[in-house]
Amino acid sequence: MVVYKFKTPISEEDIRKLKVNDVLYITGTIVTARDQAHRRALEFFKQGKPLPLNLEGLAVFHCGPVVSKEGDKWIAVAAGPTTSTRMDIFEDEFIKNFKVRVVIGKGGMGKKTTDAMSKYGAVYGAFTGGAAILAAKAIKNIKGVEWLDLGTPEALWIFEVEEFGPLAVAIDSHGNNIFTDIQRKVEEGKQKIYQKLGLSP
Amino acid sequence: MDIAKIVEDAAFNLLRQAVIYLPDDVKQALKKAYVEETSETGKTQLKAILDNVELAEKYEAPVCQDTGTIIFYVKAGAEAKDLDKLENAVINATRKATKEIPLRPNSVDPFTQKNSGDNTGRYIPFLHWEIVPGNSTELTVMTKGGGSENVCVSGMLVPGEGINGLKKFAIDEVIKAGAQPCPPTILGIAIGGGADIAMKLAKKTLLKPLNEPNPNPEIAKLEKDIFEAANMTGIGPMGLGGKTTVLGVHVDYAFRHPASFPAAVAFNCWAARRASARINADGTVEYLTHKMKK
Chain A
2 MVVYKFKTPI
12 SEEDIRKLKV
22 NDVLYITGTI
32 VTARDQAHRR
42 ALEFFKQGKP
52 LPLNLEGLAV
62 FHCGPVVSKE
72 GDKWIAVAAG
82 PTTSTRMDIF
92 EDEFIKNFKV
102 RVVIGKGGMG
112 KKTTDAMSKY
122 GAVYGAFTGG
132 AAILAAKAIK
142 NIKGVEWLDL
152 GTPEALWIFE
162 VEEFGPLAVA
172 IDSHGNNIFT
182 DIQRKVEEGK
192 QKIYQKLGLS
202 P
Chain B
2 MDIAKIVEDA
12 AFNLLRQAVI
22 YLPDDVKQAL
32 KKAYVEETSE
42 TGKTQLKAIL
52 DNVELAEKYE
62 APVCQDTGTI
72 IFYVKAGAEA
82 KDLDKLENAV
92 INATRKATKE
102 IPLRPNSVDP
112 FTQKNSGDNT
122 GRYIPFLHWE
132 IVPGNSTELT
142 VMTKGGGSEN
152 VCVSGMLVPG
162 EGINGLKKFA
172 IDEVIKAGAQ
182 PCPPTILGIA
192 IGGGADIAMK
202 LAKKTLLKPL
212 NEPNPNPEIA
222 KLEKDIFEAA
232 NMTGIGPMGL
242 GGKTTVLGVH
252 VDYAFRHPAS
262 FPAAVAFNCW
272 AARRASARIN
282 ADGTVEYLTH
292 KMKK
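Heads up: the protein sequence lines correspond to chains A and B, in order.
Everything in the first sequence is counted per this note's numbering, starting at 2 for the first residue and increasing by one.
Everything in the second sequence is counted per this note's numbering, starting at 2 for the first residue and increasing by one.
Quick look at the structure:
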């Protein structure tokens, strides 16, 4: 386990140094996107419309934060990750088209995303689910918000962060995926659990 | 005496207590899991959870950004006054809590995809009513996270397989859910009644403290067996591997139709948020799960 501290924009060369089980902290810009924002971003790309900001080298964060507004200023009150599997249907295209280097979420992602990460150079950083204040304290400033018409959980929040983490590298850019490894081990051990419960296989 | 105002204030306080302060039994279980965890990655996750629980209390901010779907369980005293005003009072409390705590607006019209912005909408917040003797009313709130809700499941099992069928159903669902419900989770399991009744009971058992096994020793044993089996899976904290996949298991049941064996497994994330209060006939409010902070 190696601890890395990267600043955005992150280069492909740096991201390829990471291996599963390493720990990553990010300083710089991360952008939230959930189901609706992923869908709209890909529609924009298809229509040749530019996104509100260039995502190359940045991190996309599966998160719908709790925010409050003081005067004109947005403040992140609580900002932990949401379940990433819902974004699995979009993420390979998202990585390919927008060249994000880190996808932050919880719960892991599947083979299509893992393949895209290895092909284009990106990693999945698992942030502890529910650890919303830990995340909010690393957000130093909300630089902006786009697509608020989608509702605050689904909007594109642009966060300036300092040492955002710990992110457990759970999918690296070399085809390794901790979540699928664990799932395989769990399946392999299932018969033993059935036995313990007195069930016939 | 303005009962509606008293209920509204109590419901607001309950929402605040629930989303910021985890119940003591859940905190203790998380601390125990941290001490006992042997996987390095698993321990890192539990450490982040415990740090986060502490930060939430320190900054008086919601422990998780998903402040959930808001559900109230009401035990209404048969002689309590103004019960017809209770629903409106908790709706007002929900709006106020969304703005002032704040909570994330989590109530979306499924047809227009529009977020109401204040955590209210058709049937939301949802109220479960029960009538009990007496003149006081007990109000409990559960703010239920979406990640753990997405893996809740009910099934119609084969009556001939009996309780073994239930054990297999529960453990298979824990495995299928994997990392998604934010493990370590709490399982509420119920059988009997009918499809809706089993799920209602399963979800309601999530309100029980972790250190309260079922009073029926046979059912307590079943809870323990499923608990141990779930923690044998190795799914671990956040599904990144480890010893702690569940913090506790509660089982409840209703009698069943001879031909049916309805079963339900309700998952709650580690951020198991709940709070209760009793509203007395004289207008005083006793907070039952949390100490009221002045």
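Glycine included, every Cβ here is placed at the ideal spot set by N, Cα and C.
Keep in mind the model is a prediction, meaning the values are calculated, not measured.
Short CB-CB distance (under 8 Å) between residue i and chain B
i	result
L149/A	no
P10/A	no
K186/A	yes
L200/A	yes
S69/A	yes
V146/A	no
I194/A	yes
A127/A	yes
M88/A	no
I105/A	no
V110/A	Inspection of the sequence shows that residue 110/A is occupied by Met rather than by Val. Not one chain B Cβ lies under 8 Å of M110/A.
I140/A	no
G49/A	no
M2/A	yes
A38/A	no
L1/A	The structure shown has nothing for residue 1/A, since chain A only spans 2 to 202.
A132/A	yes
V124/A	no
P66/A	yes
A79/A	yes
T115/A	no
Three-state secondary structure assigned by DSSP to residue i
i	result
R274/B	strand
H175/A	coil
T299/B	Nothing about residue 299/B can be reported from this structure: the residues present for chain B run from 2 to 295 only.
F180/A	helix
Y35/B	helix
L202/B	helix
P218/B	helix
F128/A	coil
L188/B	strand
F228/B	helix
F160/A	strand
K295/B	Any reading at K295/B must be qualified, since the residue scores a pLDDT of 49, below 50, and its modelled position is unreliable; the value itself is stated next. Here K295/B sits in coil by DSSP.
T113/B	coil
V175/B	helix
E139/B	strand
I96/A	helix
S69/A	strand
A34/A	coil
P271/A	Summary: the structure shown does not reach residue 271/A, with chain A confined to residues 2 through 202, and so no result is reported for it.
Y195/A	helix
C-beta neighbour in chain A for residue i, strict 8 Å
i	result
A230/B	yes
A34/B	no
D226/B	yes
T234/B	yes
R17/B	no
D3/B	no
M161/B	A quick correction: the sequence has Gly, not Met, at residue 161/B. With 8 Å as the cut-off, G161/B does not count as an interface residue toward chain A.
N1/B	With chain B represented from 2 up to 295, any question about residue 1/B goes unanswered, as that position is not in the structure.
G148/B	yes
Integer Cβ distance of residue i from residue j, believed to fall under 8 Å
i	j	result
F170/B	L188/B	At roughly 12 Å, the Cβ-Cβ gap does not stay under 8 Å, so F170/B and L188/B are not in contact.
A60/A	I31/A	4 Å
A199/B	A265/B	4 Å
L16/B	V142/B	6 Å
A230/B	K197/A	6 Å
V203/B	A255/B	The amino acid at residue 203/B is misidentified as Val; the sequence shows Ala. No, A203/B and A255/B are not in contact; Cβ-Cβ is about 11 Å, not under 8 Å.
I103/A	I27/A	Checking the sequence, you will find Val at residue 103/A rather than Ile. Going by Cβ atoms, the distance from V103/A to I27/A rounds to 7 Å, so yes, they are a contact pair.
R279/B	G65/A	That pair is no contact at about 34 Å.
A196/B	P263/B	5 Å
P82/A	A49/B	With a Cβ gap of about 11 Å, P82/A and A49/B do not count as contacting.
L12/B	K86/B	According to the sequence displayed, residue 12/B carries Ala and not Leu. The pair is not a contact, with the Cβ atoms about 12 Å apart (cut-off 8 Å).
Checklist line | Interface positions of the region 56 to 67 of chain B facing chain A (Cβ-Cβ less than 8 Å), listed along the chain | finding: L56, A57, Y60, A62, P63, V64, C65, Q66, D67
Check: Using 8 Å as the threshold, is the region 120 to 134 of chain A in touch with the region 269 to 276 of chain B, meaning 3 or more CB pairs across them?
Finding: yes
Check: Would you call the region 170 to 185 of chain B and the region 234 to 244 of chain B in contact, with 3 or more CB pairs under 8 Å?
Finding: yes
Note to self: Under 8 Å: do the region 193 to 211 of chain B and the region 164 to 174 of chain A share three or more Cβ pairs, one atom per stretch?
What the structure shows: no
Item checked: Segment contact, 8 Å Cβ cut-off, at least three pairs: the region 121 to 134 of chain B with the region 63 to 72 of chain B -> Three or more Cβ pairs closer than 8 Å define a contact, and the region 121 to 134 of chain B meets that threshold against the region 63 to 72 of chain B.
Check: Taking Cβ-Cβ distances below 7 Å as the criterion, which residues of the region 155 to 187 of chain A are in contact with chain B?
Finding: P167, A169, A171, I179, F180, I183, Q184, K186, V187
Next item on the list: Name, going along the chain, the residues of the region 102 to 113 of chain B whose beta-carbon falls closer than 9 Å to a beta-carbon of chain A.
Entry: I102, P103, L104, R105, P106, N107, V109
Check: At a Cβ cut of 7 Å, what residues of the region 33 to 52 of chain B count as close to chain A, listed as they run along the chain?
Finding: E41, T42, T45, Q46, A49, I50, D52
Next item on the list: Taking a Cβ distance cut-off of 8 Å, strictly less, list which residues of the region 164 to 196 of chain B are near chain A, in chain order.
Entry: N165, K168, K169, I172, I176, G179, A180, Q181, C183
Next item on the list: Please list the residues of the region 263 to 285 of chain B that have a C-beta atom closer than 8 Å to any C-beta atom in chain A, keeping them in chain order.
Entry: If the cut-off is 8 Å between Cβ atoms, the region 263 to 285 of chain B has C270, W271, A272 near chain A.
Note to self: Counting only Cβ-Cβ distances shorter than 7 Å, please list the residues of the region 238 to 264 of chain B near chain A, keeping chain order.
What the structure shows: M239, G240, L241, G242
Item checked: Residues of the region 112 to 136 of chain B whose Cβ lies closer than 9 Å to any Cβ of chain A, in chain order -> Q114, K115, N116, G118
Checklist line | Short-range partners of chain B found in the region 18 to 43 of chain A, where Cβ spacing is below 7 Å | finding: N22
Item checked: Stretch pair the region 147 to 160 of chain A + the region 90 to 110 of chain A: three plus CB contacts closer than 8 Å -> Judged by Cβ distances under 8 Å, the region 147 to 160 of chain A makes no contact with the region 90 to 110 of chain A, as fewer than three pairs qualify.
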